[in-house]
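Student: Under numbering that gives the first Met the number 0, the residue at position 72 of the sequence shown is numbered 71, and the numbers go up by one with no gaps.
Think of the CB as a built atom: it goes at the ideal place given N, C-alpha and C, for glycine as much as any other residue.
Small disclaimer: the values here were computed from a predicted structure and weren't measured.
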Amino acid sequence: MAKSKTLLSALRKAKNEGWREWVRSEADERAVLNGCWFSMSRAEHVCEFFPKFLRHSKGERFAGEPFELLEWQQTQLMKPLFGWVRKNEYGKTVRRYRKAYVEVPKKNGKSTLSAGVGLYMLFADGEPGAEIYSAGCDRGQARIVFDEACNMIKASPALSDLLKINNHVHRIIYPDKLSYWAALAADADSNEGKNAHCIIADELHAWYGNENYNSLKWAFATRAQSLLFQITTAGDDPQSVCRKQHDYAVEVNTGKKIDEQFFGLIYAADPKDDPWDEKTWFKANPSLGTAIPLENYRNDALEAQNTPSSIDAFKRYRLDIWSTGDSALFNMIQWDKCGGRKFDWNSLRGRNCFAGLDLSKTQDSTSLQLWFPLEEEEAYAVLSFFWLPEATANEQAKLADWLVWADGGLVELTEGEVTDYNCVKRKYCELAGIYSIQTLLYDPWQAEHLTQELTDLTCVPRVAFGQTLKNFAPAVTTLERLIKKKKIYHQRHPVMDWQMGNCRGYTDPNNNKRPTKPKPEDFRKIDGPVAMLEALAGGGQPIENGPSPYDLPDEERVVFL
Numbered sequence: 000m001a002k003s004k005t006l007l008s009a010l011r012k013a014k015n016e017g018w019r020e021w022v023r024s025e026a027d028e029r030a031v032l033n034g035c036w037f038s039m040s041r042a043e044h045v046c047e048f049f050p051k052f053l054r055h056s057k058g059e060r061f062a063g064e065p066f067e068l069l070e071w072q073q074t075q076l077m078k079p080l081f082g083w084v085r086k087n088e089y090g091k092t093v094r095r096y097r098k099a100y101v102e103v104p105k106k107n108g109k110s111t112l113s114a115g116v117g118l119y120m121l122f123a124d125g126e127p128g129a130e131i132y133s134a135g136c137d138r139g140q141a142r143i144v145f146d147e148a149c150n151m152i153k154a155s156p157a158l159s160d161l162l163k164i165n166n167h168v169h170r171i172i173y174p175d176k177l178s179y180w181a182a183l184a185a186d187a188d189s190n191e192g193k194n195a196h197c198i199i200a201d202e203l204h205a206w207y208g209n210e211n212y213n214s215l216k217w218a219f220a221t222r223a224q225s226l227l228f229q230i231t232t233a234g235d236d237p238q239s240v241c242r243k244q245h246d247y248a249v250e251v252n253t254g255k256k257i258d259e260q261f262f263g264l265i266y267a268a269d270p271k272d273d274p275w276d277e278k279t280w281f282k283a284n285p286s287l288g289t290a291i292p293l294e295n296y297r298n299d300a301l302e303a304q305n306t307p308s309s310i311d312a313f314k315r316y317r318l319d320i321w322s323t324g325d326s327a328l329f330n331m332i333q334w335d336k337c338g339g340r341k342f343d344w345n346s347l348r349g350r351n352c353f354a355g356l357d358l359s360k361t362q363d364s365t366s367l368q369l370w371f372p373l374e375e376e377e378a379y380a381v382l383s384f385f386w387l388p389e390a391t392a393n394e395q396a397k398l399a400d401w402l403v404w405a406d407g408g409l410v411e412l413t414e415g416e417v418t419d420y421n422c423v424k425r426k427y428c429e430l431a432g433i434y435s436i437q438t439l440l441y442d443p444w445q446a447e448h449l450t451q452e453l454t455d456l457t458c459v460p461r462v463a464f465g466q467t468l469k470n471f472a473p474a475v476t477t478l479e480r481l482i483k484k485k486k487i488y489h490q491r492h493p494v495m496d497w498q499m500g501n502c503r504g505y506t507d508p509n510n511n512k513r514p515t516k517p518k519p520e521d522f523r524k525i526d527g528p529v530a531m532l533e534a535l536a537g538g539g540q541p542i543e544n545g546p547s548p549y550d551l552p553d554e555e556r557v558v559f560l
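1) By alpha-carbon positions, which one of Pro372, Lys336, Thr361 ends up nearest to Arg348?
2) Can you tell which of Gly408, Gly407, Thr457, Asn150 has the C-alpha that lies nearest to the C-alpha of Lys424?
3) Could you tell me whether the region 149–158 touches the region 114–124, using the rule of 3 or more Cβ pairs below 8 Å?
4) I'd like the list of long-range same chain contacts for Leu76, defined as Cβ closer than 7 Å, with 5 residues on each side in sequence excluded.
5) Nearest-angstrom Cα distance between Asn305 and Ala30?
6) Cutting at 7 Å between CB atoms, please list the residues of its own chain near Ala474, excluding the five before and the five after it.
7) Taking only three categories from DSSP, how would you classify Trp444?
8) Measuring alpha carbon to alpha carbon, tell me which residue in Asp27, Lys51, Leu440, Phe384 is nearest Cys422.
9) Taking the beta carbon of Ala157 as the centre, do at least 16 other beta carbons fall within 10 Å, making it buried, or is it exposed?
10) In three-state terms, what does DSSP make of Trp18?
11) Return the bridge partner residues of Pro528 from the DSSP annotation.
12) Contact defined as beta carbons within less than 8 Å: I believe Tyr427 pairs with Leu453. What is the distance between those atoms, to the nearest angstrom?
13) Which two residues bound the contiguous alpha helix (DSSP H) that contains Pro493?
14) State the CB to CB distance for the pair Leu161 and Cys197, rounded to an integer number of angstroms; the pair is presumed to be in contact (CB under 8 Å).
15) Identify, in the order they occur along the chain, each residue of the same chain with its Cβ nearer than 7 Å to the Cβ of Tyr119, setting aside the five sequence neighbours on each side.
16) Counting only runs of 3+ residues fully inside the region 346–381, write out the beta strand (DSSP E) ranges in chain order.
17) Name the two residues that bound the continuous alpha helix (DSSP H) containing Ala312.
18) Closer than 8 Å is the cut-off here; do at least three beta carbon pairs connect the region 91–105 with the region 239–249?
19) Can you confirm whether the region 336–355 touches the region 122–133 when touching is taken to mean that 3 or more C-beta pairs between the two stretches lie within less than 8 Å?
20) For the region 35–92, list the beta strand (DSSP E) runs that are entirely contained and at least 3 residues long, ordered along the chain.
21) When we look at the beta-carbon of Ile199 and count the other beta-carbons within 10 Å, is it buried (16 or more) or exposed?
22) Residue range of the beta strand (DSSP E) that Asn165 falls in?
23) Which residue marks the beginning of the beta strand (DSSP E) containing Val101, and which one marks its end?
24) How would you call Ala13, buried or exposed, if buried means at least 16 neighbouring beta carbons within 10 angstroms?
25) Can Asn194 and Thr231 be called in contact, C-beta distance under 8 Å?
26) Looking only at its own chain, which residues have a Cβ that is under 8 Å from the Cβ of Lys397, when we skip the five neighbours before and after it?
27) Which term fits Ser3, buried or exposed, when burial requires 16 or more other beta carbons within 10 angstroms of its beta carbon?
28) Just verifying my parser: in three-state terms, what is the DSSP assignment at Leu287?
29) Please return the same chain residues whose Cβ sits closer than 6 Å to the Cβ of Lys282, not counting the five positions on each side in sequence.
30) Suppose the cutoff is 6 Å on Cβ atoms and the five residues either side in sequence are ignored; what does the same chain contact list for Asp419 look like?
31) Taking Leu121 as the reference, which of Asn470, Leu367, Ala182, Tyr173 has the closest Cα?
32) For Val403, count neighbouring Cβ atoms within 10 angstroms of its own Cβ and tell me buried if that reaches 16, exposed if not.
33) Can you give me the Cβ contacts of Met39 inside the same chain, cut-off strictly under 8 Å, excluding the 5 residues immediately before and after it?
34) Drop a sphere of 10 angstroms on the beta-carbon of Thr279, count the other beta-carbons inside from all chains shown, and report buried for 16 or more, exposed for fewer.
35) Helix, strand or coil: how does DSSP classify Ser8 here?
36) At the level of alpha carbons, what is the spacing between Ala181 and Leu468?
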């Protein structure tokens, strides 16, 4: 933004007071205009706490040594996070930031740092009756940071005299301030009603669904300067809570969204960077060469180079590159761009199209996809429809947004525990009267009876699509090419977008690809993309009327991950 006289005056004041260097972004400039400032005493207080009160508990090199913050931990995280302040509505000076998202590769000291943050908030932040919680995808994950904090207390003569560890209820207690720290279970119901001063959300990429996260983020209502400290490595689920926080941090940091109370810090390589160049390693790993021995890193890189199946894990865990582009079957950034263009969906009425149907009875969704060739543009359009048993939607409500999608008319919930195929039949017949469906392609697994009925009712011929690598490979290759060239129009249908992001693929030595189904108990579904590939195949590629995937040998089956 253009620097006004008011801002220039405020920046001169900041320079005179010695904190101009901490105004680093447009968001900081906006915060200054809104009355925020940087308190060097607060920034130094938190950094002095670490070596004065905390001792490392692990590693031959560091165990027993004072916790001296690394350069990046001081200047890029702790000082800005705790140094920026503002006046609240009662005239009290409080921290500017109430939520932090920190993303760094593994082995950069996340758990140790998080334990230090939690202990500072418990012991040194001056909050009476403070409630500190560590949370994870399960209680075991939540206990990692909590246990590290306990080890630090035991190693610190100063803290061990003042803080009490109760191993029976897994609490750290600060009696003088009536404060405590507890590890939380990943159970939204049991986490309601917390009055948290600080929550450490560890390895956010592993959290399933939204419910537990939503129950925690509202736990700070009565605290003057609470902190939700989220720390994680990159994940592989583009619809996860973690990915949403990652994207939000990027948008705040780049000025696309305004949120002066959100702090985002991401260390990651660019997907285009050479993963074997040491400059890339240092770019993504701020602790490399200090807490992380360079020799160990070189050994990990060599092992990944020699084991192609490990390359994706190396990029994700060592370079903090999200797996949604390289390991996912489809590039979700390019897919999203395909849905960002204007299109007259009414123009499809009466046009030729091909239908793909993927049926399910209970746990999976049923999906119907209509694939429209647009000869005049050498492009295609796709319409998506979904059904799910109401019982399954309720059962998975804490994991996926089925009930929200149903309220928005994006998925039809059928009564009971089994998908009512009569609902599918009614919709299909309705669509056959609006569009000119040329062929219905379907997975022959338990679909013969319904698809025969659909053909009898509409006179649309049906073709069994054997779910084999040979059938899928041409369709996947074609779809990848169309997505890359933005030759597809889609509705940005939230269910379809979610399922496209869930797709993982099997690739044979000849680079033939097919989707792989998640495990039966996994809430992530891919029925929409499978049906779309069937519909795409109906547009002219040869189809092998093979058997059900469940009757195929292992190497040909659409396997469960």
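Tutor: Based on what the coordinates show:
1) Pro372
2) Thr457
3) yes
4) Val101, Leu264
5) 49 Å
6) Leu532, Leu535, Ala536, Gln540
7) coil
8) Phe384
9) exposed
10) coil
11) None, per the DSSP bridge assignment.
12) 6 Å
13) 493–501
14) That belief does not hold up - the Cβ atoms of Leu161 and Cys197 are roughly 18 Å apart, past 8 Å.
15) Val45, Phe48
16) 351–357, 365–373
17) 310–318
18) yes
19) no
20) 83–86
21) buried
22) 163–165
23) 98–102
24) buried
25) no
26) Ala187, Gly208, Asn209, Glu210, Asn211
27) exposed
28) strand
29) Ala268
30) Thr413
31) Tyr173
32) exposed
33) Gly17, Trp18, Gly82
34) buried
35) helix
36) 50 Å
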